[in-house]
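Enquirer: Let me begin by handing over the structure; questions about it come next.
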Amino acid sequence: MNSFYSEEELGGLGLKSFGHDVKISRKTSIYNPERIEIGSHVRIDDFCVISACRDGWVRIGSHCYIGAMGFIEATSGFEMEDFTTLAARVTVYGGSDDYSGDYLTNPCVPERFRNVVSGRVTLGAHSIVGTCSVVLPGVTIGKGSAVGAFSLVTASLPPGGIYVGSPARFLKKRTDELFTLGEAARLEMD
94 MNSFYSEEEL GGLGLKSFGH DVKISRKTSI YNPERIEIGS HVRIDDFCVI SACRDGWVRI
154 GSHCYIGAMG FIEATSGFEM EDFTTLAARV TVYGGSDDYS GDYLTNPCVP ERFRNVVSGR
214 VTLGAHSIVG TCSVVLPGVT IGKGSAVGAF SLVTASLPPG GIYVGSPARF LKKRTDELFT
274 LGEAARLEMD
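Numbering (the numbering used here), first residue to last: 94 to 283.
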């Protein structure tokens, strides 16, 4: 048995849409698949959790990769544009409880006692988020940007930079060669 779903099995998951050459591990957990769109040439590895919770939605472009144990909680929407990578163990939060002590926390508590901060998360084309990094609600990672391993992304990042740390800070500019390579790969694969 193949460790990835067949095309027929993908059709049975109830996804809103999916392209061709989509490889999703059988060990991936998908919640509210009717609000999840996946492009072509996409791979999602073992033990990932993808949840379009509350009124959220997920849109994964083409030529995208989500490494093992990735976690996407899309409370207000999540988009991975084309040629985007989430390395292993990356966590993306579309919503977060208020930790001030003025409210209760966790989804088992009635909404009126909670203060959930939520926001759409967007990963621009050709961006990559390194292993074990965390992306918080409302963040946009700009086109062509790279986030180093073990980083905490608390605010939006401009295009074309390399960012590292907790919180993630600009390290240096990233080369634009990846855009040329991406177009060559698209022509070869599509």
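Backbone N, C-alpha and C fix where the C-beta goes; we use that ideal spot for every residue, glycine too.
#1: Look at the Cβ atom of Ala-278, then the Cβ atom of Phe-111, and state whether they are nearer than 9 Å.
#2: Which residue or residues does DSSP assign as beta-bridge partners of Tyr-124?
#3: Sorted by chain position, which residues of the same chain lie with C-beta nearer than 7 Å to Pro-126's C-beta, five sequence neighbours on each side aside?
#4: Mind checking His-134: buried by the 16 CB within 10 Å criterion, or exposed?
#5: I think Gly-163 touches Gly-187, with their Cβ atoms under 8 Å apart; what is that distance to the nearest whole Å?
#6: Going straight from the alpha carbon of Gly-258 to that of Glu-101, what length do you get?
#7: What residue range is occupied by the uninterrupted alpha helix (DSSP H) comprising Glu-101?
#8: Look up Cys-157 in the DSSP assignment and give the residues it is bridged to.
#9: Between the C-alpha atoms of Gly-231 and Arg-262, what's the straight-line distance to the nearest angstrom?
#10: Using CA atoms only, rank isn't needed, just tell me which of Gly-104, Ile-165 and Ser-244 is closest to Val-222.
#11: How long is the line joining the alpha carbons of Met-173 and Pro-203, rounded to whole angstroms?
#12: Distance check for Ser-189 and Arg-207, CA to CA, integer angstroms please.
Expert: The relevant details are as follows:
#1: no
#2: Ser-144
#3: Leu-106, Gly-107 and Leu-108
#4: buried
#5: So it is not a contact: roughly 14 Å between Cβ atoms.
#6: 42 Å
#7: 100-105
#8: Val-135
#9: 17 Å
#10: Ser-244
#11: 31 Å
#12: 10 Å
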